[in-house]
Amino acid sequence: MPELKSPHLTNIQMWQAWKEQGDIEAKKSLIENYLPLVDFVTNRMAIGLPKNVIKDDLASNGVMGLIDAIEKFDYKRGLQFETYASWRIRGSIIDGLRQGDWVPRSVREKAKRVEDAYQVLEQQYMRSVSDAEVSRYLQITEKEFTVMLQDISVASICSLEDPIREEESETRMSLLVDDKAKKPEQTVHEVYLKESLVKGIDRLTEKERTVVSLFYYEELSLSEIAEVMSLSPSRISQLHSKAILRLRGVLAKHKDQLMQQ
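Mapping of the sequence shown onto full-length UniProt numbering: residues 1 to 261, in sequence order.
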């Protein structure tokens with residue numbers, strides 16, 4: 001995480017002034033204090049994106065996410081704001097990318113084909129399937145499958161940020177952040193979702209699990225992960241894409257069950 005600026009008030013005093021008294025200056029101070037988070041998330045997400053994506057646009061969307069986080073965060077619950085805000089910033093940046101429709105339709109279609117293949121095959125065999133099995137299902141060579149993964153690698157960054165329900169803004173990964181009290185039935189859905197994620201992660205290969213862990217929990221960039229694992233950045237990108245597409249299959253099944261309720 002980046003080093004935050006030191007305000008003239010303590011962190012808790014700023015939160016108290018903003019939340020308890022509606023002090024706009026305190027809110028501005030909080031925004032300024034946590035702006036390095038926007039730079040941190042923006043720089044991390046910018047790696048691997050197409051050259052037509054302007055970094056300043058990502059940062060602008062990120063600032064909106066930070067402001068939203070500051071407005072909604074309940075400091076009294078003792079949760080870590082940096083973690084909560086990072087997901088809000090990330091979500092806001094991804095919303096901006098979606099609105100810009102930066103992923104070509106052909107790439108989205110390829111991603112959906114691979115996702116469907118993983119979902120069908122892993123449900124059929126009840127295990128992690130190999131590249132060869134997926135290639136046969138798609139009726140392409142393993143070399144063509146590798147190229148396809150490379151093509152869709154830039155699209156996989158948004159995969160875990162899709163809404164749980166089409167009409168809602170809450171995303172799959174946001175469920176890992178406890179930002180407010182949940183209704184009992186919603187809690188049941190979330191418990192089942194987390195169980196589904198655990199099962200999905202268990203089906204990943206060792207290298208895929210490592211990439212997911214380092215990227216989403218240790219917050220390393222793909223290039224940093226490549227260095228840690230002594231693999232090429234393109235190989236790490238492929239592992240990340242395969243892991244996300246496998247998990248999407250698990251989460252799609254969960255989403256279908258939610259929609260039926």
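The C-beta atom is built at its ideal place from N, Cα and C for all residues, glycine as well.
Computed from a predicted model, the values in this text were never measured in an experiment.
Query                                                                                              : Result
Beta-carbon proximity check, L239 vs T205, cutoff 9 Å                                              : yes
First and last residue of the uninterrupted alpha helix (DSSP H) at L36                            : Before going on, a small fix: residue 36 reads as Pro here, not Leu. 24 to 46 is the extent of the alpha helix (DSSP H) around P36.
Unbroken alpha helix (DSSP H) run spanning D74, endpoints                                          : Looking at the DSSP string, D74 is not in any alpha helix (DSSP H), and its letter there is neither H nor E.
N- and C-terminal bounds of the alpha helix (DSSP H) containing I89                                : 81 to 99
For E219, the three-state DSSP class (helix, strand or coil)                                       : coil
Cβ neighbour criterion (16 or more within 10 Å) applied to K242                                    : buried
Neighbourhood of G200 by C-beta, 8 Å cutoff - its chain only, sequence neighbours within 5 removed : R246, L247, G249, V250, L251
Inter-residue spacing [alpha-carbon to alpha-carbon] between L121 and V38                          : 39 Å
Contact set for V235: own chain, Cβ-Cβ below 8 Å, skip 5 residues either direction                 : The residue asked about is misnamed: residue 235 is Arg in this sequence, not Val. Here the set comprises A226.
Simplified DSSP assignment, three categories, for T10                                              : coil
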